[in-house]
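Asks:
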Amino acid sequence: MSSGEVSRVQVVKASMILTARNFFADPQWVIPSIIAPFVFTLVSLFLFSHVNGPILLYAVLGGGMMGMWGTTVYGSGSSIGFDRWNGTLECTLSAPTPLMWIVLGRVIWNTLEGSINALFILAIGFLWFRVGIGIADPGLFAISTIITFLSLSAFGLLLANIVVLSRKGGFLTNGIEIPVYIATGTMFPIGLLPFFVQGFSFALGPTWGIDAIRKAAIAGYTGLPVSIYVDLLVTVLATVVYMALSAYFFTKVEKIAKRNGTLGDY
Amino acid sequence: MPENCVETSLLHREYANKDFFGRVKSTVTALHELDISVKYGELFGIIGPNGAGKTTTIKILSTLLLPTSGTARVLGMDVTRDLYRIRKNIGIVFGGERGLYNRVTGFQNLMYFSDLYGVPPSVSRKKVPELIEMVGLTGRENDKVEKYSRGMKQRLHIARALVHDPPLLFLDEPTIGLDPAGSRDIRQIINDLKKAGKSIILTTHYMFEADELCDRIAVISKGRLVALDMPSGLKKQVKDITLAEVHVYGDATPLIESLKSIENVSRVFSDMTGDRTIVRIQTPDGSDVLEQAKSAASRLNLKIIESSVKEPTLEDAYLRMVEE
């Protein structure tokens, strides 16, 4: 009888590869991943086209972040929803691997793919709209982007829990996409938002990560009244909290779904 | 090593119907205090009508559903506590077309599930082609699963359940919806797996399949165990009935109606095959009733092609058990 532990690295890698294969096999990926963020960026660039300087880079970075975030939320929510619809959720859960590691592989792929979208949008901004390509601090920009990338992955992992619990969770993860665009300040400074929304914004790791990316990219950008290092520290802490909550909720949610008998629903 | 690979005691499962606000409106008992045990190396069948509790039993035993009460031990482990150890040692096949990643190839599906079960890549690279050959998919393994026929998908399901070489297999209606040739292929694979020493729990709606494959069969109806025996033992339970069978050309409705009025006839049922109707009469007096059926057919100007008296089948035993 077999009793050894399953390698988590092997599971995460396999899950990433399968998600990538499924992704490229479905031509619909172009709509949420390329067309939607591209249109958002175009609209904002046209809105700001009469001004020059950092505001355009602000808009382009915002578009890039929307590309990353949109794909993460869409991908995280839909990956488990896809398993439910496909009838593979029970087969996946019957494997001797905590579901969290399987979903993590999917979320990492989705965020990675979102980063490629972000680069695509940045390229459009730089090449088509001639937005200044000068990044104030390339080193910090790279670090901020990677940390924000991890934070988005962890947040996507947390959201995926909801869809494991019930097929109705898909509606929630789809509905959360636009409010989070606004709350994290991807397109508008969160200072413009009502006070009670700002509280929600500060609880989101990506809010701090995006602020760090902009501070590293745009010379003289003020954003949140803290240093870039505080931004990065809060983003890392939020990521750790999301991961811990995900680990806890995945075990809890799987148990509830098994108790309610909802794993096979589609 | 214990004698049994599966043991349940007073295993009970209820489903709650809830309203929009999550309040329980009603509860349905899917499984009522089930007690079964399955021996190592046994091919154990579970039969019963739709909604009898077969799939609920399989899901509880495979750790996908929690029992409301009672206990179940699989390979000596508790299904509510030893999830990952049990999952590492069982394989599950759900019937039907769902449950596979259709947009990727059969080979990629198997490699993916090998990784989820922690099979070292060096092993799965050898094992997966062997499984593909075993289930007869050689040459089609690099096609996307969406291009597969239903029978091919079902064979891939079986290969998927074997990627980690588990000692115990759960097969939940593996031949459902397959054509006769596809069903025969699956039955052959199941037989081969049994010969290879696997313990197998099989649910099915097809009585001849259960009769042909299973060492012992549990009959479940409305969540309750109504019988548990070898196929021959179950058939003995209806030894008091025989089956008179008459084949006639054309519409046999008037004949069926007249046979129902004969004393001691417990049931009459029919099947159309091509231009003939096969009428089966369940009765304790097979020979006598057969003569009366022949006379009735003659009166109704129906030409008899063949007639015989047969021993009861597992289906006869099953129908009586689930209807009682």
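If you read the sequences in order, they're chains A and B. If you read the first sequence in the numbering used here, its first letter stands for residue -8, the second for the next number, and so on. If you read the second sequence in the numbering used here, its first letter stands for residue 10, the second for the next number, and so on. Ideal Cβ placement from N, Cα and C applies to all residues, glycine included. This structure is a prediction, so every number in the text was calculated from the model and none was measured.
So with CB distances below 8 Å, who are the chain B contacts of A:A238?
Replies: Numbered from 1 along the first sequence, position 247 holds the residue referred to as residue 238 of chain A. None at all; the shortest Cβ gap to chain B is about 15 Å.
Asks: Can the beta-carbon of A:L149 be found closer than 8 Å to that of A:Y239?
Replies: Position 158 of the first sequence holds residue 149 of chain A. Position 248 of the first sequence holds residue 239 of chain A. For A:L149 and A:Y239, no; Cβs fall outside 8 Å.
Asks: Please compile the residues from chain A whose C-beta is within a distance smaller than 7 Å of the C-beta of B:D124.
Replies: Indexing the second sequence from 1 puts residue 124 of chain B at position 115. By Cβ distance, chain A contributes Q1, V2, A5.
Asks: Quick check on B:L40: does DSSP put it in helix, strand or coil?
Replies: Along the second sequence, read from residue 1 onward, the residue named residue 40 of chain B stands at position 31. Strand at B:L40.
Asks: Using the C-alpha atoms, what's the distance from B:T36 back to B:R289?
Replies: Counted from its first residue, the second sequence places residue 289 of chain B at position 280. Counted from its first residue, the second sequence places residue 36 of chain B at position 27. Their backbone Cα atoms lie some 39 Å apart in a straight line.
Asks: At 4 residues or longer, what runs of the alpha helix (DSSP H) sit wholly inside the region 199 to 251 of chain A?
Replies: Whole alpha helix (DSSP H) segments, 4+ residues: 219 to 251.
Asks: Consider the Cβ of B:R164: report whether some Cβ of chain A lies at a distance smaller than 8 Å.
Replies: Here residue 164 of chain B is taken as the residue at index 155 of the second sequence, counted from 1. So no, B:R164 is outside the interface.
Asks: Under a three-way DSSP split, which group does B:C223 fall into?
Replies: Translated into positions along the second sequence, residue 223 of chain B becomes position 214. Of the three classes helix, strand and coil, the one that applies to B:C223 here is coil, per DSSP.
Asks: How would you label B:F217, buried or exposed, when you count the other beta carbons within 10 angstroms and need 16 or more for buried?
Replies: Mapped onto the second sequence, residue 217 of chain B falls at position 208. Its Cβ having fewer than 16 others within 10 Å, B:F217 is exposed.
Asks: Checking the sheet assignment: what are the DSSP bridge partners for B:H256?
Replies: If you number the second sequence from 1, residue 256 of chain B lands on position 247. According to DSSP, which records beta bridges pairwise, B:H256 is partnered with B:I287, B:E315.
Asks: By the three-class DSSP mapping on this structure, what secondary structure does A:V21 have?
Replies: For the purposes of this step, residue 21 of chain A is taken as residue 30 along the first sequence, with counting starting at 1. Helix at A:V21.
Asks: Note down the Cα distance separating A:T213 from A:D202, rounded to an integer number of angstroms.
Replies: Against the first sequence, residue 213 of chain A aligns to sequence position 222. Against the first sequence, residue 202 of chain A aligns to sequence position 211. Looking at the two C-alpha atoms, the distance is approximately 9 Å.
Asks: Who are B:T213's beta bridge partners in DSSP?
Replies: Taking the first residue of the second sequence as position 1, residue 213 of chain B is located at position 204. Answer is B:I56, bridged to B:T213.
Asks: Return yes when the Cβ of B:L109 is within less than 8 Å of the Cβ of B:N98, no when it is not.
Replies: Counted from its first residue, the second sequence places residue 98 of chain B at position 89. Counted from its first residue, the second sequence places residue 109 of chain B at position 100. No.
Asks: In angstroms, rounded to a whole number, what distance separates the CA positions of B:S279 and B:D238?
Replies: Sequence index remark: in the second sequence, residue 279 of chain B carries index 270 (1-based). Sequence index remark: in the second sequence, residue 238 of chain B carries index 229 (1-based). Computed Cα separation, rounded: 28 Å.
Asks: In its own chain, which residues sit with a C-beta less than 6 Å from the C-beta of B:A25, not counting the 5 before and 5 after it?
Replies: Reading the second sequence from its first residue, position 16 is the one you call residue 25 of chain B. Taken in chain order, the residues that qualify are V33, T36.
Asks: If you run the structure through DSSP and keep just helix, strand and coil, what is A:A127?
Replies: Looking up residue 127 of chain A in the first sequence gives position 136. Coil, per DSSP.
Asks: According to the Cβ coordinates, are B:I265 and B:L243 closer than 8 Å?
Replies: Here residue 265 of chain B refers to the residue found at position 256 of the second sequence. Here residue 243 of chain B refers to the residue found at position 234 of the second sequence. Not a contact, by the Cβ cut-off of 8 Å.
Asks: Just to confirm my understanding: we take B:P58, look at its own chain, exclude 5 residues before and 5 after, and list those with CB closer than 6 Å. What are they?
Replies: For the purposes of this step, residue 58 of chain B is identified with residue 49 of the second sequence, where counting begins at 1. Cβ within range, chain order: V331.
Asks: Give me, in chain order, the residues of the same chain whose beta-carbon lies closer than 6 Å to that of B:S123; leave out the 5 immediate sequence neighbours on both sides.
Replies: Sequence index remark: in the second sequence, residue 123 of chain B carries index 114 (1-based). Closer than 6 Å at the Cβ level, and outside the excluded window around B:S123, lie S133, V172.
Asks: Check whether the Cβ of A:N13 lies closer than 8 Å to any Cβ atom in chain B.
Replies: For the purposes of this step, residue 13 of chain A is taken as the residue at position 22 of the first sequence. Yes, A:N13 counts as interfacial toward chain B.
Asks: According to DSSP, B:D160 sits in a beta bridge with which residue or residues?
Replies: Looking up residue 160 of chain B in the second sequence gives position 151. The amino acid occupying residue 160 of chain B in the given sequence is Gly; Asp does not appear at that position. Looking at the DSSP assignment, B:G160 forms no beta bridge with any residue, so it has no partner.
Asks: Output needed in chain order: residues of the region 77 to 98 of chain B with a Cβ under 7 Å from some Cβ in chain A.
Replies: Listed by position, the residues of the region 77 to 98 of chain B near chain A (Cβ gap below 7 Å) are L84, Y93, R94, R96, K97, N98.
Asks: Could you check whether A:N77 and B:R169 sit closer than 8 Å to each other, using their CB atoms as the reference points?
Replies: The sequence position of residue 169 of chain B within the second sequence is 160, counting from 1. The sequence position of residue 77 of chain A within the first sequence is 86, counting from 1. No.
Asks: Between which two residues does the alpha helix (DSSP H) holding B:D124 run?
Replies: As a position in the second sequence, residue 124 of chain B is number 115, starting the count at 1. Counting along the chain, the alpha helix (DSSP H) containing B:D124 begins and ends at 115 to 125.
Asks: Considering only DSSP beta bridges, list what B:M281 is partnered with.
Replies: Residue mapping note: residue 281 of chain B aligns to position 272 of the second sequence, counting from 1. Beta-bridge pairing links B:M281 to B:T286.
Asks: Following the continuous alpha helix (DSSP H) through A:L103, name the residue where it begins and the one where it ends.
Replies: Along the first sequence, one-based indexing puts residue 103 of chain A at 112. First-last of the alpha helix (DSSP H) with A:L103: 90 to 118.
Asks: Is B:V274 helix, strand or coil by DSSP?
Replies: Locating residue 274 of chain B in the second sequence gives position 265, counting from the first residue. If DSSP states are grouped into helix, strand and coil, B:V274 belongs with coil.
Asks: For B:Q117, return the contacting residues in chain A, with the cut-off set at a CB-CB distance below 7 Å.
Replies: Locating residue 117 of chain B in the second sequence gives position 108, counting from the first residue. Correct list: R12.
Asks: If you reduce the DSSP assignment to three classes, tell me which class A:D74 lands in.
Replies: Position 83 of the first sequence holds residue 74 of chain A. Of the three classes helix, strand and coil, the one that applies to A:D74 here is helix, per DSSP.
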